[in-house]
Amino acid sequence: MRFFQAQGRCCGLRWFCCILRSRKNQAGRSIDRNKGLVEQLRHLGIIKSSEVAEVMETVDRGEFVQDSASAYIDSPLRIGYNATISAPHMHAYCLELLKDHLKPGMRVLDVGSGTGYLTACFSLMVGPTGCAVGVEHIPELVVSSLENIKRSGAVELLCGGSLSVHVADGRLGYAELAPFDAIHVGAAAPEHPTALIEQLKPGGRMVIPVGKTFQELKIVDKRLDGSVNISSEIPVRYVPLTSREVQLQGHGPLRM
Ligand code: SAH
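Residue 71 in the working numbering sits at position 71 of the sequence shown, and the numbers go up by one each step.
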């Protein structure tokens with residue numbers, strides 16, 4: 001009897017080790033696939049800088065989506081509540097546009113933080129002496145984004161308090177932690193939101209998709225004298241920056 005028990009425990013242990021080994025292998029594969037995605041974006045010239053390559057290698061996209069098989073494809077993915085995680089090339093593009101305003105110690109606001117992917121990237125770039133704030137109006141997405149961030153390379157910044165995510169209407173920015181060196185908006189505003197421009201520091205930069213059917217990614221630069229310069233980058237298709245009620249009614253096509 002003792003023999004069978006012992007053998008059973010031994011088999012159980014072997015089985016447990018096998019699971020651990022296969023999990024380790026899976027984690028290894030996902031890190032490799034994330035590196036492959038970053039390499040592809042670098043090759044295409046979308047990732048230009050070592051800072052952006054490094055942060056996108058550190059923050060594994062597979063930790064931020066349910067369907068890990070699709071995580072490393074350069075495409076937006078549905079995350080529920082009529083929202084999407086943007087395509088990796090859009091994340092890379094926005095990180096490149098903002099990178100000079102994401103230096104250690106700087107303050108950044110991520111409006112429409114969704115899965116928390118970019119908030120985690122921003123946080124790693126500004127570091128523990130900086131401040132990265134995500135604002136999302138769907139409470140369930142805030143809860144899941146915090147779980148995602150806890151699995152990611154940005155967990156220590158969340159625990160240390162330099163990264164935070166809040167349930168709020170992002171059209172109003174986040175006055176409590178303003179002003180910001182960088183503002184990223186992950187949903188398309190019908191026009192330039194004045195509250196967000198007000199919360200930008202002189203010398204700061206906001207990247208925001210603007211428009212309804214036809215949208216453009218805009219760069220809003222606030223000069224040191226407080227005046228503002230707005231330029232257009234590229235045509236884009238994002239989910240709208242809207243009220244929670246309107247978003248939950250909508251059933252639009254897959255957006256960036
Ligand atoms: N950048 C994120 C999500 C992009 S989808 C990512 O890549 O994971 C756009 C997000 O904006 C959605 O999560 C949506 O719920 C959110 N959103 C739309 N309108 C908003 C508003 N008024 N305030 C806050 N978040 C909003």
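The beta-carbon is built from N, C-alpha and C at its ideal position, and this holds for glycine as well.
Problem - Secondary structure of His-137, DSSP reduced to three states - result: Here the question's residue 137 lines up with position 137 in the sequence shown. Coil.
Exercise for the section: Following the continuous beta strand (DSSP E) through Gly-204, name the residue where it begins and the one where it ends. Expected result: As a first step, residue 204 is located in the sequence shown; it is residue number 204 there, counting from the start. Start and end: 200 to 211.
Problem - Contact test: Tyr-174 Cβ vs the ligand SAH heavy atom, cutoff 8 Å - result: Residue mapping note: residue 174 aligns to position 174 of the sequence shown, counting from 1. Tyr-174 Cβ: outside cutoff for every heavy atom of the ligand SAH.
Practice task
May I ask you to check if the CB of Phe-122 is nearer than 8 Å to at least one heavy atom of the ligand SAH?
Solution key: Working through the sequence shown from its first residue, we reach residue 122 at position 122. Every heavy atom of the ligand SAH is 8 Å or more from the Cβ of Phe-122, so no.
Handout entry: As assigned by DSSP and simplified to three states, the class of Ile-73
Key = As a first step, residue 73 is located in the sequence shown; it is residue number 73 there, counting from the start. Three-state DSSP puts Ile-73 in coil, outside helix and strand.
Exercise for the section: For Pro-193, I'd like the list of residues in its chain whose CB is within less than 6 Å of its CB, leaving aside the five on either flank, ordered along the chain. Expected result: Locating residue 193 in the sequence shown gives position 193, where the first residue counts as 1. Hits under 6 Å: Arg-171.
Exercise for the section: May I ask you to report which of helix, strand or coil DSSP gives Asp-100? Expected result: Reading the sequence shown from its first residue, position 100 is the one you call residue 100. DSSP places Asp-100 in helix when its eight states are reduced to three.
Practice task
Using only the heavy atoms of the ligand SAH, determine whether one of them is closer than 8 Å to the beta carbon of Glu-136.
Solution key: One-based indexing of the sequence shown puts residue 136 at position 136. Yes, Cβ of Glu-136 sits closer than 8 Å to a heavy atom of the ligand SAH.
Problem - Simplified DSSP assignment, three categories, for Leu-224 - result: Working through the sequence shown from its first residue, we reach residue 224 at position 224. Three-state DSSP puts Leu-224 in coil, outside helix and strand.
Practice task
Over the uninterrupted alpha helix (DSSP H) stretch that includes Ala-120, give me the two end residues.
Solution key: Stepping through the sequence shown from its first residue, residue 120 is reached at position 120. Ala-120 -> alpha helix (DSSP H) spans 117 to 126.
Problem - Arg-237, enclosing alpha helix (DSSP H) - first and last residue - result: Walking along the sequence shown from the start, residue 237 turns up at place 237. Run containing Arg-237: none; DSSP gives neither H nor E here.
Problem - Glu-191 in three-state terms, based on DSSP - result: Reading the sequence shown from its first residue, position 191 is the one you call residue 191. Coil at Glu-191, not helix or strand.
Problem - Three-state class that DSSP yields for Asn-229 in the structure shown - result: Reading the sequence shown from its first residue, position 229 is the one you call residue 229. In this structure, Asn-229 counts as strand in the three-state DSSP scheme.
Exercise for the section: Consult DSSP for Gly-173 and reduce its assignment to one of helix, strand or coil. Expected result: Within the sequence shown, numbered from 1, the residue matching residue 173 stands at position 173. Three-state DSSP puts Gly-173 in coil, outside helix and strand.
Handout entry: Opening and closing residue of the alpha helix (DSSP H) in which Ser-164 lies
Key = Taking the sequence shown and counting its residues from 1, one reaches residue 164 at position 164. First-last for Ser-164: 163 to 167, but that is the beta strand (DSSP E), not the alpha helix (DSSP H).
Handout entry: Nearest-angstrom Cα separation, counted from Glu-63 out to Ala-53
Key = Position 53 of the sequence shown, counted from the start, is the residue given in the question as residue 53. Position 63 of the sequence shown, counted from the start, is the residue given in the question as residue 63. Those two C-alpha atoms are separated by around 17 Å.
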